[in-house]
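Numbering (our numbering), first residue to last: 1310 to 1386.
Comments concern the structure below.
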């Protein structure tokens, strides 16, 4: 494993840890962390050798979860 791959693979867990710590202390997760996690997914998926079908499936499920969450928010759930 080369150093670039190692750096790419540490970004996602580091962002999750930052999000968890921020949520633990403030009960909120900033949008920049969520956005960075979304953007970091694609290079990490390519670094681990995920095929395009799997990447598309993960992106589709993420969009579905976002839609369900937005719908629940709109209904004040």
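C-beta: ideal position from N, C-alpha, C; glycine also.
Only a predicted model underlies this, so the values are computations on that prediction, with no experimental measurement involved.
Assign residue 1357 to one of three DSSP states: helix, strand, or coil. Looking at residue 1357 - three-state DSSP - the assignment turns out to be coil, as it is neither helix nor strand.
What separation, rounded to the nearest whole angstrom, lies between the Cα atoms of residue 1324 and residue 1346? Approximately 7 Å between the Cα atoms of the pair.
Specify, as a first and last residue, the run of the alpha helix (DSSP H) that residue 1395 falls within. Within the shown structure, residues of the chain are numbered from 1310 to 1386, placing residue 1395 beyond reach of any answer.
What are the uninterrupted segments assigned as alpha helix (DSSP H) that are 4 or more residues long and contained completely in the region 1312-1338, given in chain order? For the region 1312-1338, whole alpha helix (DSSP H) runs of length 4 or above, ordered along the chain, are 1312-1335.
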